[in-house]
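Protein sequences appear in the order of chains Z and E. With the first letter of the first sequence counted as 1, position 30 gets the number 30 in the UniProt record's numbering; the numbers rise by one all the way through. With the first letter of the second sequence counted as 1, position 21 gets the number 21 in the UniProt record's numbering; the numbers rise by one all the way through. The beta carbon of each residue, even a glycine, is placed where N, CA and C say it ideally should be. Structure record follows, encoded as structure tokens.
2 protein chains.
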Amino acid sequence: MNEKVKPKDVLIETASRLFRVRGYCGVGLNDIIEESGVPKGSLYYYFPEGKEQLAIEAINHTKKLVMEEIQTVFGGISNPIDAFQAHVYELSKMFGEGGNPVGSPIGTIAGEKHSTSEPIRLACESAFKDWQSIYTEKFLEADYTRQQSISLAIVFHALIEGGILLALTMKSGKPLEAIAEQIPLLLIKK
Amino acid sequence: MNEKVKPKDVLIETASRLFRVRGYCGVGLNDIIEESGVPKGSLYYYFPEGKEQLAIEAINHTKKLVMEEIQTVFGGISNPIDAFQAHVYELSKMFGEGGNPVGSPIGTIAGEKHSTSEPIRLACESAFKDWQSIYTEKFLEADYTRQQSISLAIVFHALIEGGILLALTMKSGKPLEAIAEQIPLLLIKK
DNA sequence: GTCTATAAGTTGATAGAC
DNA sequence: GTCTATCAACTTATAGAC
């Protein structure tokens, strides 16, 4: 059993955290090596293709973290309305005034790089699709039609990405609270 | 009558367009002076505080453009459900596959800089508030309560910011189309 | 007011010692 | 495998000619 932290993992976790808060272009490799304590030579040993490759692995890391967060909340609540409401309330606490700074999981990177790096865009697209799949499944389990479930997953994913952006910009959990409160009214069945 | 284009306006328009597509950090002043044809010395004559000052004026410019877009669509449609649906359909065409590249109006800048430049964050917050005010007013005119109108404005603003991000990342107008289609179902009155 | 040349620092990336 | 020294290119910003 090896309890030593692997430099590669430290780099991915540090990059993941910094990219969330300041975006791809806002974080230099110097910031990452300084914060992680891993020297630059090692970074290029583990990521020979440089910053872009590290970013893609950081995006995949964040994708996994977010999937686990969603599944933890969704696992305990069968009703999709209640599940989504609980999920957004969790986010409102996370992005509210107090606490240490967290940024949008990958939204900022996607906004910056969608037109200038196809590999990064594809990594972001993959994360978005995987998250939406969990949402879709939740609606399917509650007997929404497949078409309805897919559309509602898109709607709620957009709502969450937008809500996080509003919370960060307003420096307040209020926008996400307002969204959480409205969810039951939005999802009343006809 | 002076029909000469003012260098200051050219700079703001160019910066506004480039920041939308690639974000704040992703655009250098060299890109802006090259694309605008205005030399660097003139940029610092009109914007003595440099890039940050230019960015704030670019954000205010984009804010105005977006307000006019919303009001144009909203002006012709009194029912808020129909108005929002038309607005999102417009966006789905704008951000769909064809056409020249447009980025999120200010969402990317907000995501990048909310924690590292308070003046830029405030400019973004101001734009978000002004857009939401138009949304709120539309619901008030349709006799929603004030509290409901404010909350729904936040919900729909988040939906639009998130929808634009999904469209850019997926390189497709489909997410925004799906959102537009769901709007009537989301806004059924209880 | 307009523009060029250049400064001072930082960026992503590499070469090569150990 | 690990780390340091260094590179060329680029960044924002400035000084000063015209």
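Rounded straight-line distance, which links the Cα of residue j to that of residue i
i	j	result
residue 79 of chain E	residue 81 of chain Z	27 Å
residue 144 of chain E	residue 44 of chain Z	58 Å
residue 148 of chain E	residue 63 of chain Z	34 Å
residue 138 of chain Z	residue 152 of chain Z	10 Å
residue 9 of chain Z	residue 68 of chain E	48 Å
residue 29 of chain E	residue 108 of chain Z	21 Å
residue 33 of chain Z	residue 161 of chain Z	29 Å
residue 111 of chain Z	residue 17 of chain E	14 Å
residue 190 of chain Z	residue 171 of chain Z	Reliability fails at residue 190 of chain Z, whose pLDDT of 46 lies under 50, so the model's placement of it is uncertain and the value that follows must be treated cautiously. If I take the Cα positions, the gap works out to 36 Å.
residue 88 of chain E	residue 48 of chain Z	43 Å
residue 25 of chain Z	residue 125 of chain Z	19 Å
residue 50 of chain E	residue 41 of chain Z	34 Å
residue 96 of chain E	residue 174 of chain E	7 Å
residue 75 of chain E	residue 86 of chain E	11 Å
residue 118 of chain Z	residue 140 of chain E	43 Å
residue 19 of chain E	residue 103 of chain E	8 Å
residue 164 of chain E	residue 93 of chain E	11 Å
residue 113 of chain Z	residue 185 of chain E	34 Å
residue 121 of chain Z	residue 23 of chain E	15 Å
residue 1 of chain E	residue 35 of chain E	At residue 1 of chain E the pLDDT is 47, less than 50, meaning the model places this residue with poor confidence; the figure from the coordinates comes in the next sentence. Spanning the two alpha carbons is a distance of roughly 27 Å.
residue 146 of chain E	residue 133 of chain E	12 Å
residue 72 of chain E	residue 73 of chain Z	41 Å
residue 13 of chain Z	residue 13 of chain E	38 Å
Top-ranked residue by Cα proximity to residue i, from the options
i	options	result
residue 101 of chain E	E:15, E:76, E:21, E:16	E:21
residue 115 of chain E	Z:64, Z:28, Z:145, Z:168	Z:168
residue 130 of chain E	E:37, E:10, E:6, E:59	E:59
residue 84 of chain Z	Z:25, Z:50, Z:98, Z:142	Z:142
residue 11 of chain E	E:54, E:181, E:72	E:54
residue 56 of chain E	E:93, E:77, E:95, E:106	E:106
residue 178 of chain E	Z:182, Z:150, Z:176	Z:150
residue 38 of chain E	E:15, E:27, E:182, E:23	E:15
residue 187 of chain Z	Z:155, Z:133, Z:27, Z:166	Z:155
residue 135 of chain E	E:90, E:27, E:99, E:158	E:158
residue 65 of chain Z	Z:128, Z:185, Z:181, Z:180	Z:128
residue 91 of chain Z	Z:166, Z:121, Z:46, Z:31	Z:166
Residue i: contacting residues in chain E (beta-carbon distance under 7 Å)
i	result
residue 179 of chain Z	154, 155, 158
residue 97 of chain Z	Per Cβ cutoff of 7 Å: no residues; residue 97 of chain Z is ~13 Å from chain E at best.
residue 151 of chain Z	178, 181, 182
Neighbour list for residue i in chain E, Cβ cutoff strictly below 8 Å
i	result
residue 110 of chain Z	165, 168, 169
residue 11 of chain Z	Result: empty, since nearest Cβ-Cβ is about 21 Å, beyond 8 Å.
Under 7 Å from the C-beta of residue i: neighbouring residues of chain Z
i	result
residue 21 of chain E	115
residue 104 of chain E	111
Proximal residues of chain Z, C-beta to C-beta of residue i below 8 Å
i	result
residue 121 of chain E	169, 171
residue 128 of chain E	166, 169, 170
residue 37 of chain E	Going along chain Z, no residue has its Cβ under 8 Å from residue 37 of chain E, so there is no contact; the nearest lies around 22 Å.
Contact set between residue i and chain E, taken where Cβ atoms lie within less than 9 Å
i	result
residue 75 of chain Z	The premise fails here: residue 75 of chain Z is roughly 24 Å from chain E at the closest Cβ pair, so nothing lies under 9 Å.
| query | Which ranges does the alpha helix (DSSP H) cover as unbroken runs of at least 4 residues, wholly within the UniProt domain "HTH tetR-type" (5-65) of chain E, from first to last along the chain? | reply | 7-22, 29-36, 40-46
| said: As an exercise, report each continuous alpha helix (DSSP H) stretch of at least 4 residues that is fully enclosed by the region 123-190 of chain Z, in chain order. | reply: 146-170, 174-186
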